[in-house]
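Going by my numbering, the letters in the sequence shown line up with residues 13 to 510, in that order. We put the CB at the ideal spot given by N, CA and C, even for glycine.
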Amino acid sequence: PTRAMGRPTGGASASKKPKAKSKPKQRGGVDFKKYKHKVGRKLPPPKNATNTEIKSKMIVLPEQTMASERAGMAVNKRGLTLRELLQQTVHYNPKVRRAAMNGIKDLVTKHPAELKLHKVAMIEKLQERICDSDKVVRDSLYSLLQSLVFPSLKEDNAMSTRSTLSLLMANVLNGMTHLSMDIQLMAFRFLELVVLNFPSSFPRYAEQAFNNFVAVLSNDRIHLQDKSKLNSILAGLAHCLSLVARVTENDDASNRLVQNRPMGELWKPTLDEDNPGSGAFATSDVLMKLQNLIRILVNSIEVSASEICAKPANDAQSSEALLSALHCLHLICTTFIHEAKKSQMEFGRSKTQFGSDWLNSSVLVYLKKLWGVKCLFHEKGDDRFFVFNLKIAELFLCLSTCVDDTMFPAEELCQFVSSLFAKSKVLRNKDLMETHLSPLITCIPGLIASCADDSKGYLLEAFTDAFRDSKVDCKLMLPYLDAVREMLLPGEIRDMVY
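Shown next as structure tokens:
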């Protein structure tokens, strides 16, 4: 057959492989040019590089070392002086401030002379830490003041102590109004510490301090949060109120002595600058603050009582808060009674400003709410509810001699007290009864003397039954005997006989 015309098959052209397709060229310019460098090759610096090498010579001064400078100086274990440690207390880092507080305590413990010489400078610098944002720093300051600074400050004269404490109290009062609740609570602890160590300084700040107590206890957050915070504030309030009650009682006794003085001696000044009170609390502003506290404390008692009754288990924190509030109420009522009985010989005081009418309008209006709390506790069978009612009865017995019978009938009080004596016979915890029943026994003679004849019968019967069941070694035996002696032979008759 004839071959077709065309290219020859085979030969050199048939052995060649087809060519690979070439990659299309990249359109546009190149963004980054890739350089290939050999490994280990050191690149030369760019032409516009700046030389950053610094050349210096060492200066050696062998005699000017830290150890030779501080030879003979009082330092802590880190080698820092008191001045350096005080400067570190204002450092921005809380860890540095903590270390500085611990260093100050270490230094003054090893070198007591430093504390004696520089305690005023220490207080001037450390009082800024009362409102410190770090809790550990505040606690360290509290421990330092309590254990070292305040015991040393008591040795100084009253004038220098007063000027030093004025700086400290300015920051304490400022901290009591701080936005942070933790700083507020710590400021109240600082106030309690000052009152315990320097009671004579409190009258100058009493009105402002009680105003801060009213503000913080009116805040609902303190009642809704941990009860331990509320208990801490109530403990500080109790210390302040006990001081006011003690000073007011002393003023009442001194006023009774003034009535027996000749008229010429009444014009002699009797106020001592270093006396903790001597009438310093007898101002209407302070009494109005205490009146506001009564309303707040009664509300706190109602809240704590409802929480205790709602919980099946024993709530120790709520129980402590309720007892602390009742104790504060008792101290306020004691102060009001002494104010109502105070002699009318004080100048500038109205005869009816703080009398029995004022007690009825300012005290019993709020305290009558406790009667409902008493009924709530009376239905419970636990011993702790018996203690709550004992404190409420003690509070009303304290006021029974100064208030109007129409505002609070004495017959109801006699029935209440009689039920408590009957309840005491069936208590399981006898030690609890011996601890809390004594104040109630002391008030029985006064209640018997003031109540109507038809109410005395069952009260005396309940008192006699409780007294009959007491053993000779009972702690209540002496209060029982004193009450019987007072009922058989009152104090006025004993004074006439003996």
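| Asked | Found |
| --- | --- |
| For Met193, the nearest candidate out of Asn183, Asn231, Cys426 (CA to CA) | Asn231 |
| Classification of Arg53 by the beta-carbon crowding that lies within 10 angstroms, buried from 16 upward | exposed |
| C-alpha distance - Val120 paired with Glu126, whole-angstrom precision | 6 angstroms |
| Minimum C-alpha distance to Val315 - residue among Leu160, Lys381, His342 | Lys381 |
| Stretch pair the region 169-180 + the region 121-141: three plus CB contacts closer than 8 angstroms | yes |
| Helix, strand or coil at Phe514 according to DSSP, with G and I counted as helix | This structure leaves residue 514 out entirely; the chain is present only between 13 and 510. |
| Buried or exposed (CB count within 10 angstroms, at least 16 for buried), Lys122 | exposed |
| Residues near Met181 in its chain [Cβ-Cβ closer than 6 angstroms; skip 5 each side] | Tyr217 |
| Sub-8 angstroms separation of Ile453 and Leu409 beta-carbons | no |
| Continuous alpha helix (DSSP H) stretch holding Thr454: start and end | 450-462 |
| Local conformation of Asp146 per DSSP, three classes | coil |
| Rounded separation between Ile306 and Thr93 - CA only | 50 angstroms |
| Pairwise C-alpha distance: Lys468 and Pro215 | 43 angstroms |
| 7 angstroms CB neighbourhood of Asn243 in its chain, flanking five on each side removed | Gln329, Glu332, Ala333, Ser336 |
| Simplified DSSP state of Ile306, which is helix, strand or coil | helix |
| Where Ala294 falls, given that 16 or more other Cβ within 10 Å makes a residue buried | Only weak support exists for where Ala294 lies, its pLDDT of 49 falling under 50; the coordinates are left without a value. |
| Burial state of Met171, where buried means 16 or more other Cβ atoms lie within 10 Å | exposed |
| Spatial distance of Ser312 from Lys437 (CA atoms) | 30 angstroms |
| For Lys54, the first and last residue of its enclosing alpha helix (DSSP H) | Premise fails: Lys54 is in no alpha helix (DSSP H) and is neither H nor E. |
| Limits of the unbroken alpha helix (DSSP H) element including Asp466 | 465-480 |
| Residues of its chain near Ala112, where Cβ-Cβ distance is below 6 angstroms and the 5 sequence neighbours each way are ignored | Leu97, Gln100, Thr101 |
| Per-residue burial, Arg201 [other beta carbons within 10 Å of its own, 16 or more giving buried] | buried |
| Trp370 versus Glu446, Leu299, Ala474, Lys386, residue with shortest Cα-Cα distance | Leu299 |
| Cβ-based neighbour list, Arg497, same chain, cut-off 7 angstroms, excluding 5 preceding and 5 following | none |
| With 16 other Cβ atoms within 10 Å as the buried cut-off, status of Thr476 | exposed |
| Same chain only: Cβ atoms within 6 angstroms of Glu473, ignoring 5 sequence neighbours per side | none |
| Phe44, DSSP secondary structure in three states | coil |
| Proximity below 8 angstroms, CB of Phe222 to CB of Leu341 | no |
| DSSP-derived helix/strand/coil call for Gln356 | Reliability fails at Gln356, whose pLDDT of 46 lies under 50, so the model's placement of it is uncertain and no value is given. |
| Ala250 Cβ short of 7 angstroms to the ligand NAP heavy atom set | Ligands displayed in this structure: none; no statement on the ligand NAP is therefore possible. |
| Met188 - DSSP class collapsed to helix/strand/coil | coil |
| Whole-angstrom distance between Leu185 and Ile404, CA atom to CA atom | 32 angstroms |
| Euclidean distance between Cα positions of Lys241 and Leu343 | 21 angstroms |
| Beta-carbon spacing of Leu432, Asn401 below 8 angstroms | yes |
| Alpha-carbon spacing of Lys239 relative to Glu261, whole angstroms | 32 angstroms |
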